[in-house]
Structure formats: structure tokens, C-alpha cells
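Note that the sequence shown covers residues 13 to 96 in the numbering used here.
Glycine residues also receive a C-beta, built at the ideal position from the N, C-alpha and C atoms.
Here is the structure we will look at, set down as C-alpha cells.
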Amino acid sequence: MFFVYILQSKNFGRFYIGYSESPERRLAEHNSGKVKSTRPFRPWVKVYSESFATEAEAMKREKSIKAMKSRVYIQNLIGKARPD
Numbered sequence: 013m014f015f016v017y018i019l020q021s022k023n024f025g026r027f028y029i030g031y032s033e034s035p036e037r038r039l040a041e042h043n044s045g046k047v048k049s050t051r052p053f054r055p056w057v058k059v060y061s062e063s064f065a066t067e068a069e070a071m072k073r074e075k076s077i078k079a080m081k082s083r084v085y086i087q088n089l090i091g092k093a094r095p096d
């Protein structure tokens, strides 16, 4: 199973979108500084995830979220995932 995940920087409010078989492992890698692009914005928290049966489906969804280039879209996506 593959997951598309969205991380948010606690200190800067930035979002990072990625996919992985293990989003918890990836979160640890982002927070430990192993990912160059996210290192300056640590710490990160996972705010959203979706699961997919195949890597191709996860990659397609990651690309579609990134293509929106919209902070508002991401915030709405996160908001819909949270229970009221």
C-alpha cells in the first residue's frame, strides 16, 4: 500500500506533499534533516494522508495535488479530512 501525505512545518506553516509506502518513516526522515528541501523548516507534522493500492495511483494523486499550486486547496483538503 502507498500513501500520499501532506506535512506542515510547525514553525513556518509551509506544506510538503509526498508519497511513500511508509509515511511515518518519511516524517522521521524529514524531521531528522535527511531531506535537504525540508531541512530548514523543521519540525514537521503529518496533517493529511490518503492510501492507494499501487505506487502509480499514489504518484498520480501527488502530482494532481502539487499541480493545484494552491495553499487554499491544501487547507480545504486537510479540513475535509478532519472530523467535525
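Let me know if residue i comes out buried or exposed under the rule of 16 or more other beta-carbons within 10 Å of its beta-carbon.
| i | result |
| --- | --- |
| Glu67 | exposed |
| Glu74 | buried |
| Ala93 | exposed |
| Tyr31 | buried |
Going by alpha carbons, who is nearest to residue i out of the options?
| i | options | result |
| --- | --- | --- |
| Asn2 | Lys78, Lys92, Asn88 and Thr50 | This structure cannot settle anything about residue 2, because the visible part of the chain is limited to 13 through 96. |
| Phe15 | Ser61, Phe27, Ser44 and Asn43 | Ser61 |
| Ser21 | Glu69, Leu39 and Val84 | Leu39 |
| Gly91 | Ser82, Val59 and Ser76 | Val59 |
Quick one: give me the first and last residue of the beta strand (DSSP E) that residue i is part of.
| i | result |
| --- | --- |
| Lys58 | Trp56 to Phe64 |
| Val47 | Counting along the chain, Val47 falls outside any beta strand (DSSP E), and DSSP gives it neither H nor E. |
Could you please give me the residues that DSSP links to residue i through a beta bridge?
| i | result |
| --- | --- |
| Leu39 | Partner(s): none; Leu39 has no beta bridge. |
| Ser21 | Trp56 |
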